[in-house]
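Undergrad: Below: one structure in structure tokens.
Protein chains: 2
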Amino acid sequence: MKKEVKDVSMAVIRRLPKYHRLLKELMEKDVTRISSKELSVMIGFTASQIRQDLNCFGGFGQQGYGYDVGELYNEISRILGLTSHYNTIIIGAGNLGQAIANYPNFEKKGFHIMALFEKNPRLIGLQIRDVPVLDVDELESYCEGKNIEIGVICTNKESAQDVADVLVKLPVKAIWNFAPTDIVVPDSIVLENVHLSDSLYIISYLLKNKELNEA
Amino acid sequence: MKKEVKDVSMAVIRRLPKYHRLLKELMEKDVTRISSKELSVMIGFTASQIRQDLNCFGGFGQQGYGYDVGELYNEISRILGLTSHYNTIIIGAGNLGQAIANYPNFEKKGFHIMALFEKNPRLIGLQIRDVPVLDVDELESYCEGKNIEIGVICTNKESAQDVADVLVKLPVKAIWNFAPTDIVVPDSIVLENVHLSDSLYIISYLLKNKELNEA
DNA sequence: AATATTTGTTAAAAGAAGTACAAAGTTTTA
DNA sequence: TAAAACTTTGTACTTCTTTTAACAAATATT
Chain A
0 MKKEVKDVSM
10 AVIRRLPKYH
20 RLLKELMEKD
30 VTRISSKELS
40 VMIGFTASQI
50 RQDLNCFGGF
60 GQQGYGYDVG
70 ELYNEISRIL
80 GLTSHYNTII
90 IGAGNLGQAI
100 ANYPNFEKKG
110 FHIMALFEKN
120 PRLIGLQIRD
130 VPVLDVDELE
140 SYCEGKNIEI
150 GVICTNKESA
160 QDVADVLVKL
170 PVKAIWNFAP
180 TDIVVPDSIV
190 LENVHLSDSL
200 YIISYLLKNK
210 ELNEA
Chain B
0 MKKEVKDVSM
10 AVIRRLPKYH
20 RLLKELMEKD
30 VTRISSKELS
40 VMIGFTASQI
50 RQDLNCFGGF
60 GQQGYGYDVG
70 ELYNEISRIL
80 GLTSHYNTII
90 IGAGNLGQAI
100 ANYPNFEKKG
110 FHIMALFEKN
120 PRLIGLQIRD
130 VPVLDVDELE
140 SYCEGKNIEI
150 GVICTNKESA
160 QDVADVLVKL
170 PVKAIWNFAP
180 TDIVVPDSIV
190 LENVHLSDSL
200 YIISYLLKNK
210 ELNEA
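Going down the list, the protein sequences come from chains A and B. Residues 0 to 214 in numbering that gives the first Met the number 0 are what the first sequence spells out, letter by letter. Residues 0 to 214 in numbering that gives the first Met the number 0 are what the second sequence spells out, letter by letter.
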């Protein structure tokens, strides 16, 4: 069993997308090498933390030189599983569902959106890019035999758990939930509950306390 | 200076929205009292952590009884600053900008969306609920004297930093950024960079490692 | 009045981040 | 080309932060 499979803390994992993003930007600027110290300035973590994070997955750097940007980007892509292909469906074709279906890089990263599902008849039949919006009643029959791996929930709060229950039965391997409620699924299914409002509430907290501190 | 102004770690703060959400659900179910132990089962933190978190802001509970759900909900609302009013604008009226403008509870929580701004002429002139979509060229003149507190960036990656620079000059007090890049603003401005793809990449990581572990 | 419950808080344990430096490589200089 | 000087990683160790455990004190319930 490889090092990366065990004993890497979630704190480290959750920093990987930021490394990935920054390395992409460096590549676009044709930067080919970078030291942990330089990266530190750009990313806002200490150089030590960067070295320690990367070392959880292997020694990608070289003493006296630093890291090869392209190589490190590829390694992190591989660690994050962005070199695989995932059949994906979106339930809820409102603004948020459409926004996600239109997200430019998801297809490139292997998240292949096969269909959106919707109950509002006005939206059924639309195409978002090349992706059809189907009737949510067809969800189970459509998915039969298609090996759907990821289900994205973009419904309202009320429907979210019901949709999740259907997805669990299909079954999907992972659920990405944007409905403003914590859905519950068996442990065998990977789940990320995203709460957009959480970060807005944090902004509110910080604003309030900034004012109090300044007063 | 009150306790809550200093020395409360971000780890605690970032859990507050989850308490807030759960207490709301309890209220809707007409639950009037709850112990840290019961809350623990629902929320997935230890009872000890819940008691310690809440105690950062004051002793809201009572021995032998627990917490009054309504009172605790109000306290957390107050701590998060959700009893204040914030003038808010959204830049970018694409699907994501519209999704946020339509988010049902933001108005109720005091985030009053005054206008959306857009450069695409097809969208300019629309109304999202009662909120007008204006030309982004009018952004500065519109905001003059209106005391805009929060700016929400829903543009593409390329425009995000330019928009942020304009918002800084207005000035706004806080920026909520959904463009898939980390924007940079002076320390005096509260900033939350939200990266939707981060949680998808984590899903990808977890899927990959689940398969490796099972194999 | 006796028993049971549950908080607030202190203390201990676990986890994450920062410091320091030997080892290994790169770059410069002669 | 070879040696000296410089750079930078990987990692052991230390410090700091966060979480969990434990329990006295206070209240509720029987």
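Ideal placement from N, C-alpha and C gives every residue a C-beta, glycine not left out. Bear in mind that the values here come from a model prediction, so they are computed numbers and not experimental data.
By alpha-carbon positions, which one of Leu-53/B, Glu-137/B, Asn-208/B, Ser-198/B ends up nearest to Glu-70/B?
TA: Leu-53/B
Undergrad: Which same chain residues end up closer than 7 Å to Val-167/B when comparing Cβ atoms and leaving out the 5 residues on each side of it in sequence?
TA: Val-184, Pro-185, Ile-188
Undergrad: If you draw a straight line from the alpha carbon of Gln-62/B to that of Asn-155/A, how long is it in whole angstroms?
TA: 38 Å
Undergrad: Go ahead and pull the three-state DSSP assignment for Pro-103/B.
TA: Coil at Pro-103/B, not helix or strand.
Undergrad: Quick one: which chain A residues come within Cβ less than 9 Å of Phe-116/B?
TA: Neighbours of Phe-116/B on chain A: none; closest Cβ ~17 Å, over 9 Å.
Undergrad: State yes or no: is the beta carbon of Asn-94/A nearer than 8 Å to at least one beta carbon in chain B?
TA: yes
Undergrad: Compute the Euclidean distance between the alpha carbons of Ala-173/B and Glu-137/B, then round it to the nearest angstrom.
TA: Computed Cα separation, rounded: 20 Å.
Undergrad: May I have the straight-line CA-CA distance separating Lys-1/A from Leu-206/B, to the nearest angstrom?
TA: Since pLDDT at Lys-1/A reaches only 40, below the 50 mark, its modelled position is unreliable, and no value is offered.
Undergrad: Taking Cβ positions, are Met-41/B and Leu-22/B nearer each other than 8 Å?
TA: no
Undergrad: Determine which residues share a DSSP beta bridge with Val-130/B and list them.
TA: Ile-127/B
Undergrad: Taking Cβ positions, are Ala-100/A and Arg-128/A nearer each other than 8 Å?
TA: yes
Undergrad: Report yes if the C-beta of Ser-83/B is less than 7 Å from at least one heavy atom of the ligand ATP; otherwise report no.
TA: The ligand ATP is not among the ligands present in this structure, which contains no ligands whatsoever.
Undergrad: Exposed or buried, Ser-47/B, counting other C-beta atoms within 10 Å across all chains shown (16 or more means buried)?
TA: exposed
Undergrad: If we define contact as Cβ-Cβ less than 8 Å, is Gly-80/A a contact residue for chain B?
TA: yes
Undergrad: Which of helix, strand or coil does DSSP assign to Glu-137/B?
TA: If DSSP states are grouped into helix, strand and coil, Glu-137/B belongs with the helices.
Undergrad: So is Ser-8/A in contact with chain B if we call contact Cβ pairs under 8 Å?
TA: no
Undergrad: I'd like to know whether the C-beta of Glu-191/B is nearer than 8 Å to at least one C-beta of chain A.
TA: yes
Undergrad: Under 9 Å Cβ-Cβ, which residues of chain B neighbour Leu-206/A?
TA: Gly-80, Ser-83, Tyr-85, Glu-148, Ile-149, Lys-172, Ala-173, Val-189
Undergrad: List, from N- to C-terminal side, the alpha helix (DSSP H) runs of 4 residues or more that fit wholly inside the stretch 18–62 of chain A.
TA: 35–42, 46–54
Undergrad: Alpha carbon to alpha carbon, how far is Val-4/B from Asn-208/A?
TA: Because the pLDDT of Val-4/B is 49, which lies under 50, any placement of that residue in the model is unreliable, and the question is left without a value.
Undergrad: Does Arg-13/A get closer than 8 Å to chain B when you measure Cβ to Cβ?
TA: yes
Undergrad: At which residues does the beta strand (DSSP E) containing Gly-150/B begin and terminate?
TA: First-last of the beta strand (DSSP E) with Gly-150/B: 149–152.
Undergrad: Within 8 Å of any Cβ in chain B, is that where the Cβ of Asn-54/A sits?
TA: no
Undergrad: Contact criterion: CB-CB distance below 8 Å. Does Lys-28/A meet it with respect to chain B?
TA: no
Undergrad: At a Cβ threshold of 8 Å, is Asn-73/B touching chain A?
TA: no
Undergrad: State yes or no: is the C-beta of Ile-89/B within less than 8 Å of the C-beta of Cys-142/B?
TA: no
Undergrad: Can you grab the Cα-Cα spacing for the pair Gly-80/B / Gly-57/A, in whole Å?
TA: 44 Å
Undergrad: Considering Cα atoms alone, identify which of Gly-150/B, Ala-178/B, Pro-179/B, Phe-177/B is closest to Val-171/B.
TA: Gly-150/B
Undergrad: Counting contacts by CB-CB distance shorter than 8 Å, is Gln-62/A in contact with chain B?
TA: no
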